[in-house]
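At position 125 of the sequence shown (counting the first as 1) the number is 125 in UniProt numbering, and the numbers step up by one without a gap. Right, one structure below, let's go through it.
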Amino acid sequence: MPTYEVHCGRFLTIDADRVYQVDKKRYTEVDRGRSFHRESWHPPTEDEQYCDSLREWLCAQGAAYLERKAEQYRSRSRSRSRSKSRSRSGSRPRYGRKLRRPSISYFEDPAALPPYTPRLPPTTKVEKSFRRLSPSTLLSNTGTSSRDTPRIHLLSYSNDKIPTRSKANDMLDYYLGTHVKHLYTIYAVDFDVPPRHVCEKYTGTHPLVQEYVMRDPRARTAVRLAVEDLLTLLSPSKSTHGHRDEIDRGRKRVRFTEDNGKNERRRREDVAGELRKGKRRMEVAISTACQAGTHRSVTLVELIAKRLGVEAERGAFGKQGVEVKVRHVHRRKTALDPY
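Structure, rendered in structure tokens:
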């Protein structure tokens with residue numbers, strides 16, 4: 001007896017007995033080997049035609065149902081494999097056959113390649129912008145560098161990266177050393193900022209940024225006072241060579257914190273006494289700070305160094321001259337910077 005699979009619910013269950021009765025009239029099972037033969041042929045009745053059409057319709061519905069189920073299974077498998085590959089973030093599949101890498105002869109013919117001639121690459125002149133490996137540079141060195149030649153350290157840093165005075169003192173001791181006499185720090189945080197498109201392309205070493213910064217009268221006053229303080233302290237014609245008293249009374253720019261102010265003053269006075277006795281070279285320092293340590297503070301340091309170079313050429317520091325060293329701690333260099 002032929003069997004039918006239920007694929008479409010109520011349509012097959014309603015007419016299942018009717019289809020079975022019609023098939024029983026048309027076919028008879030003669031042996032256990034399930035071979036069938038026709039008892040007698042007669043024209044198809046209305047019930048037989050109905051059953052044939054119903055059987056074809058049921059087969060079509062079952063095929064469509066199986067196709068929909070297969071498509072759902074394929075879509076689920078694709079989404080599952082996609083999620084696994086996304087979770088592995090592009091790694092190699094865990095299972096599967098490893099592909100063999102083809103040889104180089106598969107891509108190009110070795111006979112068509114030119115003969116290999118080992119040669120060194122041509123030497124090119126290094127640009128000046130990338131020649132210096134350290135931001136510390138000797139801007140002006142007039143006269144013979146000796147123990148009698150005073151040295152001025154100009155240092156710029158970022159106030160965001162070094163917000164407290166204690167961290168600033170540690171930074172100054174690291175870059176300058178304990179033997180250098182630090183005078184004061186010029187805080188350029190409140191100075192006028194250059195335009196944004198200029199700050200993105202250049203730093204304070206470029207003349208365009210220096211022009212924008214020096215439009216602020218506070219920046220011009222800070223540069224002028226710093227040069228005057230250094231000339232007053234290091235000029236050989238002054239009787240107060242090595243003292244900070246005149247700067248303390250005239251400028252009142254020296255700043256000390258409450259926690260280590262007394263120890264800092266005592267240590268600086270001991271260094272100044274050794275300088276007066278000639279045991280050490282005269283070395284002083286002035287630092288500048290702005291928000292990023294790239295534009296305003298760098299501009300002040302560069303212009304102070306240029307003014308000191310002009311004064312040294314005029315002979316303001318005597319025959320021994322002066323050495324000026326510049327260090328930009330947090331400057332972020334760009335390709336258009338002079339150095």
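Glycine residues also receive a C-beta, built at the ideal position from the N, C-alpha and C atoms.
### Residue interval of the beta strand (DSSP E) (run including alanine 289)
283-290
### Proximity of leucine 336 and tyrosine 202 at Cβ, strictly below 8 Å
Yes. Within cutoff.
### Query
Straight-line CA distance for threonine 178 to valine 223?
25 Å
### Message
Taking CB distances under 8 Å as the criterion, tell me whether valine 329 reaches chain D.
### Response
Any reference to chain D falls outside this structure, which holds one protein chain only.
### Query
For leucine 66, does the count of other Cβ atoms within 10 angstroms reach 16, so buried, or fall short, so exposed?
exposed
#### Entry: Where the alpha helix (DSSP H) through serine 156 begins and ends
Here serine 156 belongs to no alpha helix (DSSP H); instead the beta strand (DSSP E) covers 151-158.
### Query
For isoleucine 304, does the three-state DSSP call read helix, strand or coil?
helix
### Rounded separation between residue 382 and valine 284 - CA only
As shown, the chain starts at 1 and ends at 339. That puts residue 382 outside it, with no answer to give.
### Task
Quick one: grab the DSSP three-state call for tyrosine 187.
Strand, per DSSP.
### Query
Among all the DSSP beta bridges, which residues are the ones paired with arginine 165?
None, per the DSSP bridge assignment.
### Query
Over what stretch of residues does the beta strand (DSSP E) that includes lysine 325 continue unbroken?
323-328
### Query
Using 8 Å as the Cβ pair cut-off and three pairs as the minimum, do the segment 326-333 and the segment 228-237 touch?
no
### Query
Is glycine 321 near serine 156, with beta carbons less than 8 Å apart?
no
### Message
Please state whether the Cβ-Cβ distance between proline 195 and valine 213 is less than 8 Å.
### Response
no
#### Entry: Residues that lysine 319 bridges to, as DSSP identifies them
Note: lysine 319 sits in no beta bridge, so no partner.
### Query
So what does histidine 197 bridge to, in DSSP terms?
Answer is none; histidine 197 lacks a bridge partner.
### Task
Could you name the residues that DSSP lists as bridge partners for lysine 181?
Val284
### Task
Please work out which residues of its chain come closer than 8 Å, Cβ to Cβ, to valine 227, disregarding the five sequence neighbours upstream and downstream, and give them in chain order.
Ile304, Arg307, Leu308, Glu311
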